[in-house]
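Read the structure below first, then the notes.
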Amino acid sequence: MKKPIIVIGMGELGSVFARGFLKLGYPVQPVNRSQSMQDIADEIPDPAAVLIAVGEADIHQTLQECPAVWADNLILLQNELLKRDWENTHVTDPTVISVWFEKKKGMDSKVVLPSPVYGQHSKLVFNALSQLDLPCVQLDSQAELTYELVRKNLYILTTNIAGLVVGGNVESLMNQHKDIMNAVADEVLDIQDALTEQQNDRTKLMKGLIEAFEGDLEHKCMGRSAPARLKRALEHAETLNINVPYLHKIAQTHT
Numbered sequence: 144m145k146k147p148i149i150v151i152g153m154g155e156l157g158s159v160f161a162r163g164f165l166k167l168g169y170p171v172q173p174v175n176r177s178q179s180m181q182d183i184a185d186e187i188p189d190p191a192a193v194l195i196a197v198g199e200a201d202i203h204q205t206l207q208e209c210p211a212v213w214a215d216n217l218i219l220l221q222n223e224l225l226k227r228d229w230e231n232t233h234v235t236d237p238t239v240i241s242v243w244f245e246k247k248k249g250m251d252s253k254v255v256l257p258s259p260v261y262g263q264h265s266k267l268v269f270n271a272l273s274q275l276d277l278p279c280v281q282l283d284s285q286a287e288l289t290y291e292l293v294r295k296n297l298y299i300l301t302t303n304i305a306g307l308v309v310g311g312n313v314e315s316l317m318n319q320h321k322d323i324m325n326a327v328a329d330e331v332l333d334i335q336d337a338l339t340e341q342q343n344d345r346t347k348l349m350k351g352l353i354e355a356f357e358g359d360l361e362h363k364c365m366g367r368s369a370p371a372r373l374k375r376a377l378e379h380a381e382t383l384n385i386n387v388p389y390l391h392k393i394a395q396t397h398t
């Protein structure tokens, strides 16, 4: 009998991964909002893995409250995630996946790109997604993971924030509003450089952004969380003392 896998947050993404784990023969123990992680950790102190599938707004509190016996056994999948989000907690070396498929209620998963994963449970994640015909690629280094996380952040923030101005889909953003796309992306990358404490390869990242656009040209730019993403970006910029005049202009005129 395989050890169980804990899934914290059984929303759309958590349910996809749970199905993949079940197809591999792992028992799955869900943890919902009304349940205590510590109570379940007392019963299952040594699971095969612990997937945290809560939304990005809840990830920091969930990491803080994560039972110590699980802290070196985590899989994270949130958007807007970087190493700084876990390195000052008791969590050590989590497996991290940058999810490039979209799952909405009543819909099958829609793939934009293969989802890169890095960490001790990368093979487990790869195998689980393979059960569902969802492409995944295992990374070889922390540096590769940092690039992939920054690329996903660039995609999410640029499309959402530019979408507040132009609406539409990523094809129209790329082809008809390139000046707005570039202005937003440039300031987003200023913030990402500060958050990662390194100068990221902008040429490579912009190529990666266009590759993601081409993976789903009809993808809508502005999700319902766009104003919150802009607000978080401006908060980071203020904390890190980064000048982002274009993002401020968007906030003043389109939120």
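The numbers in my numbering rise by one with no breaks, and the one at position 235 of the sequence shown is 378.
Just so you know, even glycine gets a beta-carbon here, dropped at the ideal spot from N, CA and C.
Reference GLY168; option with closest CA among PRO370, LEU267, GLN341, VAL331: Along the sequence shown, read from residue 1 onward, the residue named residue 168 stands at position 25. Out of PRO370, LEU267, GLN341, VAL331, LEU267 has the C-alpha closest to the C-alpha of GLY168.
Taking 8 Å as the threshold (C-beta atoms), are ILE393 and LEU307 in contact? Along the sequence shown, read from residue 1 onward, the residue named residue 307 stands at position 164. Along the sequence shown, read from residue 1 onward, the residue named residue 393 stands at position 250. In this structure, LEU307 places its C-beta atom within 8 Å of the C-beta atom of ILE393.
Per DSSP, ASN400 is paired with what? Because the chain here runs from 144 to 398, residue 400 falls outside it and cannot be looked at.
If you count every other CB in all the chains shown that lies within 10 Å of the CB of PRO237, and 16 or more means buried, which is it? Residue numbering aside, residue 237 sits at position 94 when the sequence shown is read from its first letter. If you draw a 10 Å sphere on the C-beta of PRO237, you find 16 or more other C-beta atoms in it, and that means buried.
Close beta carbons around ILE218, own chain, < 6 Å, minus the five adjacent residues each side: Your numbering for residue 218 matches position 75 in the sequence shown. Sequence-distant partners of ILE218 (beyond 5 residues in either direction) whose C-beta falls short of 6 Å from its own C-beta, in its chain, are ALA192, LEU194, THR238, HIS264.
Alpha helix (DSSP H) containing LEU272: first to last residue? Taking the sequence shown and counting its residues from 1, the one referred to as residue 272 is at position 129. Taken as a continuous stretch (DSSP letters only), the alpha helix (DSSP H) holding LEU272 covers 265–273.
Heavy atom of the ligand NAP less than 7 Å from the Cβ of PRO188, yes or no? Among the components modelled here there is no ligand, and therefore nothing to report on the ligand NAP.
Neighbourhood of GLU291 by C-beta, 6 Å cutoff - its chain only, sequence neighbours within 5 removed: Along the sequence shown, read from residue 1 onward, the residue named residue 291 stands at position 148. Cβ within range, chain order: SER241, PRO259.
Starting from the Cα of MET365, find the closest Cα among ARG294, GLY311, ASP228 and give me that residue. To locate residue 365, count along the sequence shown from 1; it is residue 222. Taking the Cα of MET365 as reference, the smallest distance to any Cα among ARG294, GLY311, ASP228 is reached at GLY311.
State yes or no: is the beta carbon of THR301 nearer than 8 Å to at least one beta carbon in chain D? Judged by its chain identifiers, the structure shown contains no chain D, having just a single protein chain.
Candidates VAL327, ASN175, PHE164, of which the one nearest GLY152 by Cα: On the sequence shown, residue 152 is found 9 positions in, with the first residue counted as 1. Looking at the Cα atoms, ASN175 is the closest of the given residues.
Looking at the structure shown, is GLU199 part of a helix, part of a strand, or coil, going by DSSP? Walking along the sequence shown from the start, residue 199 turns up at place 56. It is helical.
C-alpha distance - LYS248 paired with VAL255, whole-angstrom precision: Counted from its first residue, the sequence shown places residue 248 at position 105. Counted from its first residue, the sequence shown places residue 255 at position 112. About 17 Å.
Examine the Cβ distances between the region 182–192 and the region 278–296 and report whether three or more of them are shorter than 8 Å. no
Going by the CB atoms, is the gap between ALA211 and GLY154 shorter than 8 Å? Along the sequence shown, one-based indexing puts residue 154 at 11. Along the sequence shown, one-based indexing puts residue 211 at 68. No, Cβ-Cβ distance for GLY154 and ALA211 is not below 8 Å.
With 16 other Cβ atoms within 10 Å as the buried cut-off, status of ILE231: Position 88 of the sequence shown, counted from the first residue, corresponds to residue 231. The question names Ile, but residue 231 in the sequence shown is Asn. Exposed, since its Cβ has fewer than 16 Cβ neighbours within 10 Å.
Using three-state DSSP, classify ALA191 as helix, strand or coil. Counted from its first residue, the sequence shown places residue 191 at position 48. Of the three classes helix, strand and coil, the one that applies to ALA191 here is coil, per DSSP.
Around the Cβ of THR289, are there at least 16 other Cβ atoms within 10 angstroms (buried) or fewer (exposed)? For the purposes of this step, residue 289 is taken as the residue at position 146 of the sequence shown. It is buried - the Cβ of THR289 has at least 16 other Cβ atoms within 10 Å.
So if DSSP puts PRO278 in a beta bridge, which residue, or which two residues, is it bridged to? By 1-based counting over the sequence shown, the position of residue 278 is 135. BP columns for PRO278 are empty, so no partner.
Could you tell me the distance, in whole angstroms, from the CA atom of HIS391 to the CA atom of LYS295? Numbered from 1 along the sequence shown, position 248 holds the residue referred to as residue 391. Numbered from 1 along the sequence shown, position 152 holds the residue referred to as residue 295. Cα to Cα, the separation comes out at about 22 Å.
Any idea what DSSP makes of LYS392, helix, strand or coil? If you number the sequence shown from 1, residue 392 lands on position 249. Helix.
Contact check, ASN325 vs SER368, beta carbons under 8 Å: Indexing the sequence shown from 1 puts residue 325 at position 182. Indexing the sequence shown from 1 puts residue 368 at position 225. The answer is no: Cβ separation not under 8 Å.
CYS209 versus SER177 - alpha carbon distance: What you label residue 209 is simply residue 66 of the sequence shown in a count that begins at 1. What you label residue 177 is simply residue 34 of the sequence shown in a count that begins at 1. Looking at the two C-alpha atoms, the distance is approximately 15 Å.
According to the Cβ coordinates, are GLN274 and GLY163 closer than 8 Å? As a position in the sequence shown, residue 274 is number 131, starting the count at 1. As a position in the sequence shown, residue 163 is number 20, starting the count at 1. In this structure, GLY163 lies closer than 8 Å to GLN274 by Cβ.
Start-to-end residues for the alpha helix (DSSP H) that takes in THR235: Position 92 of the sequence shown, counted from the first residue, corresponds to residue 235. Neither: THR235 is in no alpha helix (DSSP H) and is coded neither H nor E.
Spatial neighbours of VAL159 in its chain, beta-carbon cut-off 7 Å, leaving aside the 5 residues before and after: Translated into the one-based positions of the sequence shown, residue 159 becomes position 16. Answer for VAL159: LYS246, SER252, LEU275, listed in chain order.
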